[in-house]
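A.B. asks:
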Amino acid sequence: MLETILFALLIAKIKDYKLKPIFKSFAFYPSIAFTLFYVIWNISIFFGDYSLIKYSSILEKIYLLTFLTLVFKYNLYKSAFLGSFCIFIGTSLNKLAIAANGGKMPVFPTLSYITGYVKADSFTKVNDIHVLGSGSTKLKFLTDYIDLGYSILSVGDIFIRLFVFIIIFSSIKHINEKNIKLYSFN
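Position one of the sequence shown corresponds to residue 0 (numbering that gives the first Met the number 0), numbered consecutively onward.
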């Protein structure tokens, strides 16, 4: 999810918000620490270590919970509600795809074969809900087909990542607006 955070920082910079203040806040660091853990985890997958895959569901929940420090620190309740709605939509889309495919989430790797993130025997080694997609896959547009080379996402996953984007961007916006009010002479 590092790219989601970087994208939020990029959009905030394009909107001319200052990024430095968010790095001065402790509330940002639990999310950053877990993001770095995710990066290390993805690197380990490149080397064929699939040991943490079985914990991915719980690790994703913990990761999303780290963003609550920002929600509470900056009172981002409207943003959190919107982000939570995105998580609900994303989770529902993923569950729909899984239900339509017999309890499995089909994956369609393309770039990940080239980068080495997915190998021919990956799905048999991992042995989780993910299976290699085929012509018989139902609701293919809801399955994991958005290949980043180091992760393969579904449309539902994109909605879930919207939560992260919304909270990071809203935090930066809040800090900048708060600083403007502190220095204005109105």
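In this text, a Cβ means the ideal position worked out from N, Cα and C, and glycines have one as well.
With a threshold of 7 Å on Cβ separation, who are the neighbours of residue 120 within its own chain once the five nearest residues in sequence on each side are excluded?
C.D. replies: Here the set comprises nothing.
A.B. asks: Quick one: is residue 162 buried, meaning 16 or more other Cβ sit within 10 Å of its Cβ, or exposed?
C.D. replies: Residue 162 comes out buried.
A.B. asks: Thinking just about the alpha-carbon of each residue, which of 89, 36 and 149 is nearest to the one in residue 113?
C.D. replies: Of 89, 36 and 149, the residue nearest in Cα terms is 149.
A.B. asks: Just checking, does the stretch 10–29 make contact with the stretch 167–174 on the three C-beta pairs under 8 Å criterion?
C.D. replies: Yes, the stretch 10–29 touches the stretch 167–174.
A.B. asks: Within the same chain, show all residues whose beta-carbon is closer than 6 Å to that of residue 185, passing over the 5 residues directly before and after it, in chain order.
C.D. replies: Because the pLDDT of residue 185 is 47, which lies under 50, any placement of that residue in the model is unreliable, and the number read from its coordinates should be weighed accordingly. If we look at residue 185 and ignore the five residues flanking it on each side, it has no Cβ neighbours.
A.B. asks: Please name the residue or residues paired with residue 129 in a DSSP beta bridge.
C.D. replies: DSSP output for residue 129 lists 104 as bridge partner(s).
A.B. asks: Report the start-end ranges of each beta strand (DSSP E) in the stretch 109–177 that is 3 residues or longer and not cut off at the edges.
C.D. replies: If we require 3 residues or more, the beta strand (DSSP E) runs fully inside the stretch 109–177 come out as 129–131.
A.B. asks: Where does the unbroken alpha helix (DSSP H) through residue 1 begin, and where does it stop?
C.D. replies: Here the alpha helix (DSSP H) through residue 1 covers 1–13.
A.B. asks: In the DSSP assignment, find the unbroken alpha helix (DSSP H) run with residue 74 in it and report its ends.
C.D. replies: Run containing residue 74: none; DSSP gives neither H nor E here.
A.B. asks: For a test of the three-state rule: what should DSSP assign to residue 24, helix, strand or coil?
C.D. replies: Coil.
A.B. asks: Measuring CB to CB, does residue 106 end up less than 8 Å from residue 131?
C.D. replies: The answer is yes: Cβ separation under 8 Å.
A.B. asks: Taking the C-alpha atoms as reference points, what is the distance between residue 133 and residue 14?
C.D. replies: The straight-line gap from Cα to Cα measures roughly 42 Å.
A.B. asks: What's the C-alpha gap between residue 138 and residue 103?
C.D. replies: Whole-angstrom Cα-Cα distance: 12 Å.
A.B. asks: In whole angstroms, what is the alpha-carbon distance linking residue 32 and residue 141?
C.D. replies: In a straight line, the C-alpha of residue 32 is about 30 Å away from that of residue 141.
A.B. asks: Answer with buried or exposed for residue 146, where buried requires no fewer than 16 other C-beta atoms within 10 angstroms of its C-beta.
C.D. replies: Residue 146 is buried by the Cβ-count criterion.
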